[in-house]
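Asker:
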Amino acid sequence: MEIYDKAHELEAAIKECQEYKDLVAAGQELAKDEKTKHLVRDFLMLQAQLAYAQSMGDKPIRKKIDHLNQMAELIKNNQTAVEYLNHYNKWQTMAGEVFQIIQNAMAEGMSILDQ
Numbered sequence: 167m168e169i170y171d172k173a174h175e176l177e178a179a180i181k182e183c184q185e186y187k188d189l190v191a192a193g194q195e196l197a198k199d200e201k202t203k204h205l206v207r208d209f210l211m212l213q214a215q216l217a218y219a220q221s222m223g224d225k226p227i228r229k230k231i232d233h234l235n236q237m238a239e240l241i242k243n244n245q246t247a248v249e250y251l252n253h254y255n256k257w258q259t260m261a262g263e264v265f266q267i268i269q270n271a272m273a274e275g276m277s278i279l280d281q
């Protein structure tokens, strides 16, 4: 089917995308330092937890916010972590926009459920 062909074309385009290549390269560099890798992973997980809690209307826990700020201080002094997170954020933005385009294309078929 043509849609599968287009999906495979998108896969190939992603692999050729400079932002994606930069993220992969930064990830390979990050993987060389286990301590920094764990710091970045824990930072992203805590950031996501706080964002989810906020989206659900929960008040962020001061202790978690303080911990996130402490982690951010450690990260900003670590060039490998900063570089990875910069590429990660660029890619997340781009991937989110691509995903939104796909969702918009599929929305009409799902809109019957909104009525």
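FYI, the numbering for the sequence shown is 167 to 281, going by my numbering.
Don't be surprised by glycine CBs; every beta carbon is placed ideally from N, CA and C.
Around the C-beta of residue 202, are 16 or more other C-beta atoms found within 10 angstroms, so that it is buried, or is it exposed?
Answerer: Residue 202 comes out buried.
Asker: Are residue 234 and residue 206 closer than 8 Å when you measure CB to CB?
Answerer: no
Asker: Does the segment 227-243 come within contact of the segment 172-179, defined as at least 3 CB pairs closer than 8 Å?
Answerer: Put simply, the segment 227-243 does not touch the segment 172-179. Fewer than three CB pairs are less than 8 Å apart.
Asker: Between which two residues does the alpha helix (DSSP H) harbouring residue 221 extend?
Answerer: 200-221
Asker: Count the CB pairs spanning the segment 179-189 and the segment 247-265 that are closer than 8 Å, and state whether there are at least three.
Answerer: yes
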